[in-house]
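Report on the following structure.
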Amino acid sequence: MSLRVLSVNLLKNNRNFIQNAVRNSKGPGVQALALAPYATQVTVQATPAAVQKQKVSKAMKAYLERAKEHDDFMKTQDLEFQIGKRHLANMMGADAETFTQEDIDEAIAYLFPSGLFDKRARPAMRSPEEVFPARKAAEFDETGRPFHSMFYTGKPNFFQLLHDIVEETNKLYDLEERMLRRGNKPDENQKLETAGFQLLPKDQLERVLVEHIADIEYQNFTNAMDRLISLPYSYKSKAFIERYLKPLIDQSKQLEVPKPKIDDQGRQYITTYECLRKTARADVTVRLPGTGKITINGQDISYFSSEECKEQLLFPLNYSEMLGKVDVEANVEGGGPSGQAGAIRWGIAMSLRSFVDQEMIESMRLAGLLTRDYRRRERKKYGQEGARRKYTWKKR
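According to the working numbering, the sequence shown holds residues 29 to 424 in order.
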């Protein structure tokens with residue numbers, strides 16, 4: 029019985045020794061271990077280390093599939109764009125290799141003329157990189173471990189922005205507390221001025237972050253930024269704040285209002301040149317004070333026989349309450365009655381800016397009186413009865 033126990037213990041010891049040797053080996057194989065002779069002599073030949081394939085997470089597989097689909101889609105779109113550009117160059121009689129985007133825009137405007145005022149509504153052909161929005165790069169490695177600490181929020185860039193705002197706010201709080209202990213006050217000369225700026229709108233912020241955010245999340249962003257801007261030492265974080273500010277475009281301030289001149293009779297006058305509407309061109313002079321006299325090419329307002337043209341001509345005077353207070357002299361040529369009336373109307377409105385206050389100028393701008401009308405008659409299309417009208421289709 030004791031011999032059996034001894035043999036079992038010996039086998040266990042040998043097995044443990046072999047396992048430890050294999051576990052501690054660093055090379056591809058294990059050296060032969062010589063034990064006692066006869067039955068206990070054991071030679072261990074370790075197999076080469078198995079090359080384990082690195083596991084790829086399901087999230088990474090899904091991302092790689094989506095990325096491949098997107099790349100294939102962009103390649104197809106780019107190929108179609110190149111083919112379309114080559115056809116367009118052949119139609120225009122130009123070299124496809126040197127056909128630029130400006131040439132494409134000019135060709136589209138020539139072949140597909142549009143009377144739509146908004147340029148975004150007109151036909152266009154651009155490269156896929158400009159048409160389709162940018163996409164995020166991979167946010168995790170091949171094992172599925174995310175790069176960003178806020179990846180699992182679903183919107184890491186947005187919440188990172190909120191985190192940065194809070195960090196800037198806490199820094200300013202600490203700075204204010206230190207300055208109060210020293211008895212110092214913020215410098216009024218370096219106060220952050222945001223009068224002519226506004227925070228980025230929601231759509232622009234989404235393009236910056238490359239993430240879609242909800243209305244409540246955008247409101248949280250604006251509240252946090254307003255809190256940061258309202259701090260007395262906010263000028264210390266000026267560089268951070270300006271990244272998310274957008275200048276307000278005040279056209280009434282940008283357009284320089286000319287100062288009136290004095291004529292021989294001592295009256296103030298302003299002359300506006302190059303008043304355009306369709307193919308009409310006019311020069312308009314407004315004099316103050318006046319009696320409401322209107323002269324067009326040496327004639328009175330009866331120069332226009334249509335009541336609509338007369339109303340269009342008088343509209344800026346009625347709107348600014350200057351009818352009967354100024355005299356208008358206009359020289360116009362080209363175009364028809366509608367185009368000439370529109371050209372004179374724009375010239376009167378632009379000249380009246382020198383005789384009204386800033387509030388009225390802003391009101392006229394909002395009413396569209398200071399905006400030049402670039403609309404033109406849309407040309408007739410080949411194979412059609414008119415610009416849009418088609419020939420009547422008859423079956424027989």
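The beta carbon of each residue, even a glycine, is placed where N, CA and C say it ideally should be.
**Message:** If the criterion is Cβ atoms closer than 7 Å, does the pair Pro275 and Gly224 meet it?
**Reply:** yes
**Request:** Counting only the same chain and skipping the five closest in sequence on each side, list residues whose C-beta sits under 7 Å from that of Ile136.
**Result:** Pro151, Ala152, Met153
**Request:** Look at Ala371 and Ala308 and say whether their C-beta atoms are less than 7 Å apart.
**Result:** yes
**Asked** For Pro56, does the count of other Cβ atoms within 10 angstroms reach 16, so buried, or fall short, so exposed?
**Response** For Pro56, the pLDDT reaches just 44, beneath the cut-off of 50, and the residue's location in the model is therefore unreliable, although a value from the coordinates is still provided. Under this definition Pro56 is an exposed residue.
**Request:** Rounded to whole angstroms, what's the CA-CA distance from Glu413 to Arg407? Just pull it up for me.
**Result:** 11 Å
**Request:** Kindly indicate which three-state DSSP category Phe140 falls into: helix, strand or coil?
**Result:** coil
**Request:** Could you tell me how far apart the beta carbons of Phe186 and Leu237 are, in whole angstroms, since I believe they sit closer than 8 Å?
**Result:** 6 Å
**Asked** Which first and last residues belong to the alpha helix (DSSP H) in which Asp215 is found?
**Response** First-last for Asp215: undefined, no H or E at that position.
**Request:** Would you mind reading off the limits of the beta strand (DSSP E) that contains Asn359?
**Result:** 355-361
**Request:** Determine which residues share a DSSP beta bridge with Leu227 and list them.
**Result:** Leu273
**For Phe383 and Ile298, the rounded distance between their alpha carbons** = 9 Å
**Prompt:** With burial defined as no fewer than 16 other Cβ atoms inside 10 Å of the residue's Cβ, what is the status of Ser262: buried or exposed?
**Reply:** buried
**Prompt:** Between the beta-carbon of Ala369 and the beta-carbon of Gln340, is there less than 7 Å?
**Reply:** yes
**Request:** Pull up the CB-CB distance for Trp374 and Arg400, whole angstroms please, since I reckon it's below 8 Å.
**Result:** 6 Å
**Item:** Glu196 versus Arg206 - alpha carbon distance
**Value:** 15 Å
**Prompt:** Where Asp278 and Ala90 are concerned, what is the direct C-alpha to C-alpha distance, given to the nearest angstrom?
**Reply:** Residue confidence for Asp278 is low, a pLDDT of 47 falling below 50, so the modelled location carries little weight and cannot support an answer.
**Item:** Thr299 - partner residues in DSSP beta bridges
**Value:** Thr313
**Request:** Kindly indicate which residue of Leu304, Val354, Ala415, Thr222 has the alpha-carbon position closest to the one of Gly362.
**Result:** Leu304
**Message:** Are the CB atoms of Leu398 and Ala377 within a distance shorter than 7 Å?
**Reply:** yes
**Prompt:** Smallest Cα separation from Asn248: which of Val194, Leu107, Gly367, Gly411?
**Reply:** Val194
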